[in-house]
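Residue numbers (mature numbering (1 follows the signal peptide of the UniProt record, and there is no 0)): -27 to -1, 1 to 1049.
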Amino acid sequence: MTSSRMLAAGFVEVLAALLLLRPDAIAGLESVVPGTTREPCATAGECQAPLNGSQGAPGLLLIQLNRGDLGTSFQATRQSTQEAADSKQSHVVYGQIKAWHGLCLDAHQRSEKGGRVHMWTCEDHTNMRWAYDEELGQIKNQEGICLAMTNGNVNGGQVHMWPCDPTSKDQQWVYDHATGQIKAVYGVCLDSPNRDADGGHVHLWECDTENINQQWMIRPVPGRPTPAPTPMAPPTPQPTAGPTLAPLPTPAPTVLPTSAPIAEPTVAPTPKPVQPTAAPTPVPVQPPVTVPPAPAPAGPLKPIPNCYLAPLVRNADCERLRLLEGLEFGLNEYGQETSARKLCTDNMREHGGDTFVFSVGRCEVWRCISRKALQASAGPGNQAVRISLADHLGRALTAAEDGSLSFQPGPTTPQSRFHYVQNEDGTIALQSLYGKYVTAKPGGVVSAEAKLIDDWEKLEVIHHGAQLLDLSLKTFHGSLISVTADGHVRGQPGSAGMASRFTLINHTVPEEPASGPPKKTWVHSELCPYQEARGGIQGKEARGPVVVKLWEWNYADVAQECVEFLGPNGFDAVQLSPIVEHVVGHQWWTKYQPVSYGLNTRSGTKEELQHMVATCRAAGVEIVVDVILNHMAAACKEARYSVLGNKPETPCTGWNGTRFGNRRTAGARGWDKAEPAMFHHKEDNELKNCMVGPSTGWLCGSPSLGDCSCCQCDMYGGLADWKTEAAVVRQMHTRHLQELFDMGITMLRVDAAIYSEVDDLAAMFNQFPWDFIFQEWWGEFPDARRTNLVGHYRDVAYRWKVVNAMANLHISEYHKLLDIKGGVHGIPQEHAMYPLLYHDGRSTDAAADIATFKNGLEYHQQQRFLLAWPVGVSIGIWGGFSWKSLEDGPPGCERPDKHCKPRSVYDEQGRVQCMPTPTQSPLPRELARSRSWVCEHRWAGVAGLVHFRKACRGLPISRMWKADQADVGKGHLAFRLGGKCFAALVRGRRAHSSWHSIGNWSLAGLETGLAPGRYCDLASLETQRGWDGSSCPREVTLGQHGAVLEGSVAEGDILAIHAGAMVPRAGAHETAALAS
């Protein structure tokens, strides 16, 4: 678009709220709705709003609305003020009930008891004329009976017609204008999975604001007069003068009293525009409106995960509802902020939010329209201008997910708000909620489906007279964007008539200036999944969380390891074995047989646990605890086989002395005492139950997770199954979770999760804002409801694929390693925790197909590849001990000592006593069976690869080198991530196998594409603690085009370099030499 075209179009008027205004051009401008009158502005100051709070400078003309009640502003019919004052009836809305993304609700048996309701192409038909009484909650066909439900509290509940009864809860509905949901009083929503098909099914389903099957509008029947509605609220005195769209000043900062909830500042909505041909009749101005609280959540509580985002900044799509400050949001008795985070969660739910921002002493409650909007609001400087365009009938330009555009009546929705983009040539572009740009094609087709801005996406703004809000949009092809009578959008040639004149509404909220020094903040939201792949400012910073399981380490050693190794090397969290009192015994699995919720175990005391949590968190390392809510310990022999009679009911003794028996425990805390009635059991015998385990194939006779008939059975035939559907059991478990969260434990692994009902887990877990929850999983196709309500999955299939490609496939198929993109079918990598080793997946001795330390160098290469390869978000590394038997517990717990404690990993001088980094595959059998600490996570290169993962995981795979290329031999692989990271590896060789040695791989001459210079091979770095980057155990030198001058990969090894780990050069002469 040329500047001459812009001048010819009269670009001396500028788009309100979007284009910069000259002070001399502002004076005298009228800022009114087309067809109304107003005295001209006497000065520029009367008409111009300050930009971002700056006074006196040319800025943006802000026409602010309070979160988009366009339907209120452009209401087609409204009673007079006197009628509103006299009326005591409920507000009735008349019209069609239309899916935002589909057809209309049709009652073709509108007068029959039990009459069917379905979807049908929208038309002016009696079957589609509805009246919604907001006070009674009834939805009635205007010429029939009422919309009713059967089984209104379950998914799949029926929807049908029934004689109207104002006392029947089966006929009570709540229409949420913000989300478009029509909610049954029982808590589920009207849902049409076939919303765009004639005859499409309509039923009830769990409410989900992101589910487009549940998004409805109640709109006037096209071409039919709308009955005058009665008022919804007490009348508000109306102004005598005609309305204007005058700019509103930026609200002044509000001084916040301690601990007081503050309603955010609100602004008056824009009044209804009047057609230019009509007489200048005054139009009532709507009073200021605050955002109403959202209805109470229906069904199970939703998780409130940590989004790992920067603090939020208000805009049109994310609004702060409440700000609370005070001592109650400070640190708790453990010195942790977690209790205050829980309090902030409670306030968020109480005030109808879906998001909160927390820092010590401060809780902000927010509501955002979508996850994308939440991410866009994270961090300063992201205030994209959001606008709506209304036609002369008050309908708003709306973009559907498929890119189609139309003008729709009713309240503004997220789909009717567009990001305004100002192009360098003076034109503008409009971006929809779905990230696509409005594009005008030759022939008049207009849609919102372009991914990038090119000529067809550029629109010229044409103002009509001095009225900056009355405008037309001219396309690249010379046509004007126009609206047809039925709301369709076209590009039409010719001059601007009413069909191509629009009113602009600005939804932009001024950005608040930052105050005070930055604080550590947490952003939690229902809109985020656990462990977001990207966080930070606007959700653009890639994340690569790494968790290490320190298997059976005592608490004092874990605390020291956090300070000396895990924190300095960037590990995000340390995972612990279960931390509650357990049965006695030397075996590892004793920790998985809990007898009480006491916190004294063989790993340490409650006080040592508390100290460890505080120490690790101070070092930047969060704590993952293995929680067992499915079962308690199996009874000892005395309890299983004796007839009680006069004998004690709890003859067994736990590690810390708690008495327990068959399906009962005396508890260690008082509140954790349990009786047989709190466990599942047979109908005729409360001390016996069905069994699930190896003999049943672990599942309930069906591969479908919908069959949970065995979920109430005892694992292995003896682990008593908790009756978690009982409130008393859930309360006990929740009290345990509360104690962990208060202590600062913010991440959970859920043991035996598949045998626990989703609703029960959600009721307990989702009272707290966790940082991470993942479930023990074996390979079943997950249920979406479990994913949404509980958390992520431990995916062991990924580990098997990696190990198979690296240790089992023929050398000619080694390249398939770089084709691995995930694990279990149905679990996307964003929902997975990928471990390389887990306690149920070990072998007694070295085995090529099972990843354990006993495979030596082969295992070490696998764990470093797991860190280097960018697949997956969350990765699990292992730091454990050696074993002779798969039953063995940690060093220090030897048969027959049943009341043992782990031997310390550190000696008296504070040095770790761990197995050295292996140099062969497999390890010698004698070494592999020694009863010692292995500490796989400390082997050379793991710390360096954590560094590599943090820097490179979010980058795309830009090139791969495989054996089918001339410069790459068999068993050699390499890949580049973006233009900054490069890794290479050589397949290893197992002793006493048929594999032949392929030797080392000299990389000389291979063009990596990275900048010239000396790089640290991070796969050789033992620790980042104290490392200043001036040298490295192994280095790689690159010349022009990133060609390797010096560097090689040993057989069975891996090499990894990235631009952030370059070694300083010796001087200018070396720089010149490398570049040439």
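Beta carbons are placed, not taken as given, at the ideal position from N, Cα and C, and that holds for glycine. Bear in mind the structure is a predicted one, so any value in this text is a computation, not a measurement.
Inter-residue spacing [alpha-carbon to alpha-carbon] between residue i and residue j
i, j, result
"E595", "H74", "43 Å"
"P600", "I191", "A small fix is needed here, since residue 600 is Val in this sequence, not Pro. Distance between the alpha carbons of V600 and I191: 47 Å."
"H436", "Y407", "28 Å"
"residue 1050", "H788", "Residue 1050 is absent from the model: the chain starts at -27 and stops at 1049."
"Y570", "H324", "34 Å"
"E611", "H653", "21 Å"
"R359", "G299", "34 Å"
"K409", "G593", "39 Å"
"L983", "L1011", "8 Å"
"G852", "L692", "28 Å"
"I401", "S455", "17 Å"
"D443", "M471", "10 Å"
"L1028", "G952", "16 Å"
"G88", "R335", "53 Å"
"M806", "F302", "32 Å"
"W773", "Y766", "15 Å"
"S931", "R949", "6 Å"
"Y811", "A121", "52 Å"
"G914", "E995", "5 Å"
"K646", "M705", "9 Å"
"H804", "G508", "16 Å"
"P891", "V907", "11 Å"
Backbone secondary structure at residue i - three-state DSSP
i, result
"Q711", "helix"
"residue 1053", "Because residue 1053 is not part of the residues shown, which for the chain are -27 to 1049, the question remains open."
"G464", "strand"
"E430", "helix"
"E909", "helix"
"P649", "helix"
"Y67", "strand"
"G317", "It is Cys, not Gly, that sits at residue 317 in the sequence shown. Of the three classes helix, strand and coil, the one that applies to C317 here is helix, per DSSP."
"M585", "helix"
"R344", "helix"
"D694", "strand"
"P667", "helix"
"W773", "helix"
"A1016", "strand"
"C925", "helix"
"S894", "coil"
"A936", "coil"
Local Cβ density within 10 Å of residue i, reported as buried at 16 or more and exposed below that
i, result
"L425", "exposed"
"S312", "buried"
"Q566", "buried"
"W644", "exposed"
"V418", "exposed"
"G634", "buried"
"V1022", "buried"
"V127", "exposed"
"V701", "exposed"
"F754", "exposed"
"N662", "buried"
"Y105", "buried"
"Q882", "exposed"
"E183", "exposed"
Inter-residue CB distance, residue i and residue j (contact presumed, cutoff 8 Å)
i, j, result
"H480", "A289", "4 Å"
"Q511", "Q348", "6 Å"
"E749", "A725", "6 Å"
"R998", "F714", "Not really, about 30 Å apart at Cβ, beyond 8 Å."
"C341", "S332", "About 19 Å; that fails the 8 Å criterion."
Every unbroken beta strand (DSSP E) within the stretch 527 to 612, with a cutoff of 3 residues, ordered by chain: For the stretch 527 to 612, the full-length beta strand (DSSP E) segments reaching 3 residues or more read 546 to 549, 595 to 600 along the chain.
Whole runs of the beta strand (DSSP E) within the stretch 733 to 789, excluding any shorter than 3 residues: The qualifying runs are 745 to 748, 765 to 767.
In chain order, each alpha helix (DSSP H) run of at least 4 residues that lies wholly inside the stretch 792 to 861: With a minimum length of 4 residues, the continuous alpha helix (DSSP H) runs that stay inside the stretch 792 to 861 are 830 to 841.
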